[in-house]
Amino acid sequence: MPLLEVKDLRVWFPVHGGLLRRKVGEIKAVDGVSFTIEPGQTVGLVGESGSGKTTVGRALLKLGPATSGEVYFEGRNILPLNERQFRPLRRQMQMIFQDPFGSLNPRLTCGSIIGEALTTHFKEMTATQRRARISDLLTQVGLKPEMASRYPHEFSGGQRQRIGIARALAVEPKFIVCDEAVSALDVSVQAQIVNLLMDLQEKLGIAYLFIAHDLAVVQHISDHVLVMHHGRIVESASSDAIYSRPQHEYTKTLLAAVPQLA
Ligand SMILES: Nc1ncnc2c1ncn2[C@@H]1O[C@H](COP(=O)(O)OP(=O)(O)OP(=O)(O)O)[C@@H](O)[C@H]1O
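Under our numbering, the sequence shown has 672 at position 43, and the numbering climbs by one with no breaks.
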């Protein structure tokens, strides 16, 4: 059984206009998207800005609206579930953002940021167990346990992204949406974070939807790649095939923009 199966997902946003702010049309941000993700697999989602990638990622985790379609997580359609019904599943589906600084509370230490996720989802955990788990998570993402007492501004961009990853891992997810998770970082730091994500996948069996506009990064991390254009998937193929035998004109245009490595 696939971990995640998306069937004919549509997300249309109403457009209002005129003096009375009546609905005058719709932005079809996502318009009939279908794909599957197997456990422990990475699916890359590429496309230019505005193609609908983030809207897909948010809809999958019920962080954003879905107009129609089905999203099965381990065989269960999650879109009709209300908040209470979805709560036990929320822990298993996490998101890592582009701007870790924006998504980390500047007033909390890195230990408290990770600890918050633990207290929300593991209410029975004692303070001692929590501290041990925070140390363990920091080590897993390549940071030092003693860094738990530092604040987000005391870390570099790459280290902040590691904290974001530790926070996502804290609740033991099976699936993580990585939305432009390395796009804001320097190329050498990007490679370190991508390698960390791949190591964690191997160790913990997590599946990723890896959203990016940069095809080179996506190729490195993904088993399968989806190319999105104007709300639709225009090409879906294995990572190798999409680069060696791109079928769609739009994919060829995206590939032409990738700097060639000598
Ligand atoms: N809440 C919203 N209300 C109205 N329109 C929206 C909303 N969210 C997104 N859109 C529109 O939906 C389309 C897709 O946006 P989306 O952010 O998913 O694209 P993207 O491929 O992730 O781009 P980027 O890489 O710039 O984030 C855009 O035209 C955007 O303006």
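Just so you know, even glycine gets a beta-carbon here, dropped at the ideal spot from N, CA and C.
- Query: Between Ser741, Gly661 and Arg705, which lies nearest to Arg762 when the distance is taken from Cα to Cα?
  - Reply: Position 133 of the sequence shown, counted from the start, is the residue given in the question as residue 762. Comparing C-alpha distances from Arg762 to each of Ser741, Gly661 and Arg705 shows the shortest one belongs to Ser741.
- Item | Identity of the residue in Ile794, Gly704 and His853 nearest Ile743 by Cα | Along the sequence shown, one-based indexing puts residue 743 at 114. The shortest C-alpha separation from Ile743 is found at Ile794.
- Message: Considering only their Cβ atoms, is the gap separating Pro781 from Leu733 smaller than 8 Å?
- Response: Walking along the sequence shown from the start, residue 733 turns up at place 104. Walking along the sequence shown from the start, residue 781 turns up at place 152. Cβ distance < 8 Å, so Leu733 and Pro781 count as in contact.
- Task: Starting from His849, trace the beta strand (DSSP E) both ways and give me its first and last residue.
- Result: As a position in the sequence shown, residue 849 is number 220, starting the count at 1. First-last for His849: Leu844 to Ile850, but that is the alpha helix (DSSP H), not the beta strand (DSSP E).
- Message: Please identify the residue among Ser817, Ala688 and Thr738 whose C-alpha is closest to the C-alpha of Arg796.
- Response: Translated into positions along the sequence shown, residue 796 becomes position 167. A check of alpha carbon separations from Arg796 across Ser817, Ala688 and Thr738 identifies Thr738 as the nearest.
- Query: Less than 8 Å separating the beta-carbons of Lys625 and Phe715?
  - Reply: Any question about residue 625 goes unanswered here, given that the chain covers just 630 to 891.
- Query: Which of helix, strand or coil does DSSP assign to Val806?
  - Reply: Within the sequence shown, residue 806 is the residue found at index 177, counting from 1. DSSP places Val806 in the strand class (E or B) of the three-state scheme.
- Task: Please report how far the alpha carbon of Val854 lies from the alpha carbon of Arg650, in whole angstroms.
- Result: For the purposes of this step, residue 854 is taken as residue 225 along the sequence shown, with counting starting at 1. For the purposes of this step, residue 650 is taken as residue 21 along the sequence shown, with counting starting at 1. Approximately 40 Å between the Cα atoms of the pair.
- When you compare each of Gly676, Val675, Arg639 and Gly646 to Ala658 by their alpha carbons, which one comes out closest? Position 29 of the sequence shown holds residue 658. The shortest C-alpha to C-alpha distance from Ala658 to any of Gly676, Val675, Arg639 and Gly646 is the one to Arg639.
- the region 803-810 contacting the region 828-842, beta-carbon criterion three pairs below 8 Å: They touch, by the three-pair rule.
- What do you get for Ala891, buried or exposed, if any count of 16 or more other CB atoms within 10 angstroms of its CB means buried? Position 262 of the sequence shown, counted from the start, is the residue given in the question as residue 891. Residue placement at Ala891 is flagged as unreliable, the pLDDT there being 39, under the threshold of 50; a coordinate-derived value is accordingly withheld.
- Task: Apply the 10 Å Cβ neighbour rule to Met722 and answer buried if 16 or more other Cβ atoms are within range, or exposed otherwise.
- Result: By one-based count along the sequence shown, residue 722 stands at place 93. In this structure Met722 is buried. Its beta-carbon is surrounded by 16 or more other beta-carbon atoms within 10 angstroms.
- Kindly identify the DSSP beta-bridge partner or partners of Leu829. Here residue 829 is taken as the residue at index 200 of the sequence shown, counted from 1. DSSP lists no partner for Leu829.
- Message: Looking at Val800: is its Cβ nearer than 8 Å to the Cβ of Arg720?
- Response: The sequence position of residue 800 within the sequence shown is 171, counting from 1. The sequence position of residue 720 within the sequence shown is 91, counting from 1. Against a cut-off of 8 Å, the Cβ pair of Arg720 and Val800 comes out as a contact.
- Task: Would you tell me roughly how many angstroms separate the C-alpha atoms of Tyr879 and Lys832, rounded to the nearest one?
- Result: As a working mapping, residue 879 is identified with position 250 in the sequence shown. As a working mapping, residue 832 is identified with position 203 in the sequence shown. Their backbone Cα atoms lie some 35 Å apart in a straight line.
- Query: Does the pairing of the region 673-681 with the region 781-791 give three or more beta-carbon distances under 8 Å?
  - Reply: Between the region 673-681 and the region 781-791, the count of Cβ pairs shorter than 8 Å is below three; the stretches do not touch.
- Task: Examine the Cβ distances between the region 866-883 and the region 659-669 and report whether three or more of them are shorter than 8 Å.
- Result: Between the region 866-883 and the region 659-669, the count of Cβ pairs shorter than 8 Å is below three; the stretches do not touch.
- Inside the region 739-819 only - beta strand (DSSP E) runs reaching at least 3 residues: The region 739-819 contains, as complete beta strand (DSSP E) runs of 3+ residues, the segments 804-808 (chain order).
- Query: Do Ser678 and ligand 1 come close, with the Cβ less than 7 Å from some heavy atom?
  - Reply: Sequence index remark: in the sequence shown, residue 678 carries index 49 (1-based). At least one heavy atom of ligand 1 is nearer than 7 Å to the Cβ of Ser678, so yes.
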